[in-house]
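Heads up: the sequence shown at position 23 corresponds to 56 in the numbering used here, and the numbers run straight through without jumps. Ideal Cβ placement from N, Cα and C applies to all residues, glycine included.
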Amino acid sequence: MATGTATGTGTGTGTGAATADSAGTTGSAGTALAAGAAGAGAWGGRIRRTLLAALVAAAVVFPVSAAASAEAPAPAPASFAEDAAPQVRYAANRANLAEAARMAREGDRTGRATRLRAMDAAGAAQFLAFDGRGRGRAVEVFGELETADRVTVLVPGSDTTLDTWERFRAGAVALQQRLQAEHPRSAVVAWLGYDTPGTVSTTVLTAARADVAAAELAPFLDRLAGMAAPGARLSLLCHSYGSVVCARTSTGPAVGDMALFGSPGTGAAAARDLPTRARVWAGRGSGDWVANVPHVRLGGLGFGADPVDPAFGARAFTAGAVGHSDYLKPGTESLESLAAIVLGTTPASEAPHA
Numbered sequence: 034m035a036t037g038t039a040t041g042t043g044t045g046t047g048t049g050a051a052t053a054d055s056a057g058t059t060g061s062a063g064t065a066l067a068a069g070a071a072g073a074g075a076w077g078g079r080i081r082r083t084l085l086a087a088l089v090a091a092a093v094v095f096p097v098s099a100a101a102s103a104e105a106p107a108p109a110p111a112s113f114a115e116d117a118a119p120q121v122r123y124a125a126n127r128a129n130l131a132e133a134a135r136m137a138r139e140g141d142r143t144g145r146a147t148r149l150r151a152m153d154a155a156g157a158a159q160f161l162a163f164d165g166r167g168r169g170r171a172v173e174v175f176g177e178l179e180t181a182d183r184v185t186v187l188v189p190g191s192d193t194t195l196d197t198w199e200r201f202r203a204g205a206v207a208l209q210q211r212l213q214a215e216h217p218r219s220a221v222v223a224w225l226g227y228d229t230p231g232t233v234s235t236t237v238l239t240a241a242r243a244d245v246a247a248a249e250l251a252p253f254l255d256r257l258a259g260m261a262a263p264g265a266r267l268s269l270l271c272h273s274y275g276s277v278v279c280a281r282t283s284t285g286p287a288v289g290d291m292a293l294f295g296s297p298g299t300g301a302a303a304a305r306d307l308p309t310r311a312r313v314w315a316g317r318g319s320g321d322w323v324a325n326v327p328h329v330r331l332g333g334l335g336f337g338a339d340p341v342d343p344a345f346g347a348r349a350f351t352a353g354a355v356g357h358s359d360y361l362k363p364g365t366e367s368l369e370s371l372a373a374i375v376l377g378t379t380p381a382s383e384a385p386h387a
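Given below as structure tokens:
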């Protein structure tokens with residue numbers, strides 16, 4: 034993930050979708066977990082502990098739906114100089130993507146090959162980073178990054194991979210279209226710069242993947258600020274497990290806002306404990322199953338305080354009736370709220386950052 038490889042996001046990193054966490058996924062696995070957790074808030078601490086243990090057991094006993102397929106053949110990611118311009122990166126990564134699709138096809142991985150070709154169907158995709166190996170990593174830009182003074186980074190949650198990229202991408206496109214309608218100098222970056230956990234796995238219940246991801250995301254944000262227009266303001270929009278990643282990411286002064294949505298918790302007790310001076314926002318749709326997940330933290334399992342609880346101290350934003358995978362769908366109240374956060378047009382009456 035260091036600079037110079039496509040596994041290090043943004044200069045070469047090398048971070049949803051067909052499951053519960055990416056910003057456009059089905060959520061079936063997550064719904065099953067949440068169903069087991071429903072009603073936990075009304076029970077005592079001992080029951081909540083038992084329930085969390087049951088979630089862990091379910092992740093161990095039923096890993097089949099999240100099991101990784103055999104690794105698809107792919108070339109090593111492209112390498113870049115630290116100061117390589119976005120256009121240089123885009124061209125090299127398009128070539129790498131095409132080669133990965135060819136190798137997947139010849140390796141009898143036709144499904145992966147088809148999905149990779151779809152990632153650059155028009156031959157003009159803008160990838161700052163791409164790594165087709167394994168579950169894959171990619172960082173795609175929507176809009177003109179070099180002239181943008183409002184740059185949004187989307188951080189997805191569990192089960193976001195190259196094979197589920199199209200759903201993650203759809204959310205990024207919807208947000209970019211909404212932003213550009215009001216502010217043409219906007220860009221959205223879809224950041225798949227880490228190995229996301231499986232929705233049905235033990236890793237999704239701990240911060241281990243998030244800690245590794247945060248160590249990649251922080252320097253990427255610094256580099257990204259240097260690629261955008263001078264003085265550009267960055268916003269982090271963090272979905273589901275992605276909110277755990279963002280909550281562990283030390284951000285510089287360029288990041289003005291951090292929005293957590295569909296969050297299971299962050300591992301922190303309050304917004305003031307996060308390593309950022311950005312304004313911290315939180316929202317949850319009334320149809321989101323994650324509301325039924327117990328907000329407990331025991332021995333490294335679980336993520337504690339609920340970010341939408343007023344006691345957490347985040348600024349609240351309205352998410353409407355959306356489900357877990359619907360926050361960035363066109364026409365939703367949640368998309369309008371997130372766009373307003375990025376553009377700085379939110380009501381002044383929001384709860385202050387504690």
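LEU331 is classed as exposed because its beta carbon has fewer than 16 other beta carbons within 10 Å across all chains shown. Taking all protein chains shown into account, SER358 has 16 or more neighbouring C-beta atoms within 10 Å of its C-beta and is therefore buried.
Rounded to the nearest angstrom, the Cβ distance from ALA251 to SER283 is 5 Å, consistent with a contact under 8 Å. When C-alpha distances from GLY226 are compared across LEU212, GLY190, GLN209, the shortest belongs to GLY190. Note on geometry: alpha-carbon atoms of ALA105 and GLY169 lie some 9 Å from one another. DSSP, read as helix, strand or coil, puts ARG183 in strand. Between ALA287 and ALA258, the C-beta spacing is below 9 Å. Per DSSP, ARG202 is one residue of the alpha helix (DSSP H) stretching across 198 to 215. With fewer than 16 other CB atoms across the displayed protein chains lying within 10 angstroms of its CB, PRO308 is exposed. Inter-segment contact for the segment 343 to 363 and the segment 197 to 211 is present: three or more beta-carbon pairs are separated by less than 8 Å.
In this structure, the straight-line span from the alpha carbon of HIS328 to that of LEU368 is close to 25 Å. For SER268, the uninterrupted beta strand (DSSP E) run begins and ends at 266 to 272, by DSSP.
Look at PHE163 here: in three-state DSSP terms it is strand. ALA373 and GLY337 have their C-alpha atoms some 28 Å from each other. Between the C-alpha atoms of ALA223 and ALA344 there is a straight-line separation of about 31 Å. One Cα belongs to GLY298, the other to GLY285, and the distance between them is close to 22 Å. Taking VAL341 as the centre and dropping the five residues before and after it, the same chain places the C-beta of SER296, ALA315, GLY316, ARG317, ALA347, ALA349 closer than 8 Å to its C-beta, in chain order. Using a 10 angstroms sphere on the CB of VAL121, the tally of other CB atoms stays under 16, which defines it as exposed.
Note that the C-beta distance between LEU270 and PHE253 is not below 9 Å. Between the alpha carbons of VAL233 and ASP192 lies a distance of about 9 Å. The segment 165 to 179 makes contact with the segment 124 to 137, as at least three CB pairs between them are under 8 Å. The beta carbons of VAL221 and ALA205 sit closer together than 9 Å. For TRP314, the pairing in a beta bridge is given by DSSP as ALA292, ARG348.
Only residues of its own chain outside the window of five on either side were considered, and among them ALA134, ALA137, ARG138 have a CB closer than 6 Å to the CB of ALA146, listed in chain order.
With respect to the 9 Å criterion, TYR274 and VAL237 are classified as neighbours on the basis of their beta carbons. Counting along the chain, LEU195 sits inside no alpha helix (DSSP H), nor does DSSP assign it H or E at all. Cα atoms of ARG166 and PRO380: separation of roughly 44 Å, rounded to the nearest angstrom. A straight line joining the alpha-carbon of THR239 with that of GLN159 spans about 32 Å.
A distance of 9 Å or more separates the beta carbons of LEU149 and PRO119. Here the C-alpha atom of ARG200 lies approximately 18 Å from the C-alpha atom of LEU371. Selection GLY300, ALA324, LEU267, ALA352 evaluated against ALA311 yields LEU267 as nearest (Cα-Cα).
Remark: C-beta atoms of GLY356 and ASP321 approach each other more closely than 9 Å.
In the DSSP annotation of this structure, the continuous segment of the beta strand (DSSP E) that includes PHE175 starts and ends at 170 to 176. In this structure VAL188 does not touch VAL313 by the C-beta definition: roughly 14 Å separates them, more than the 8 Å allowed.
Taking a 10 Å sphere around the C-beta of PRO230, we find 16 or more other C-beta atoms and assign the residue as buried.
Out of GLU115, ASP164, GLY156, ALA155, the CA that lies nearest to the CA of ALA109 is found in ASP164.
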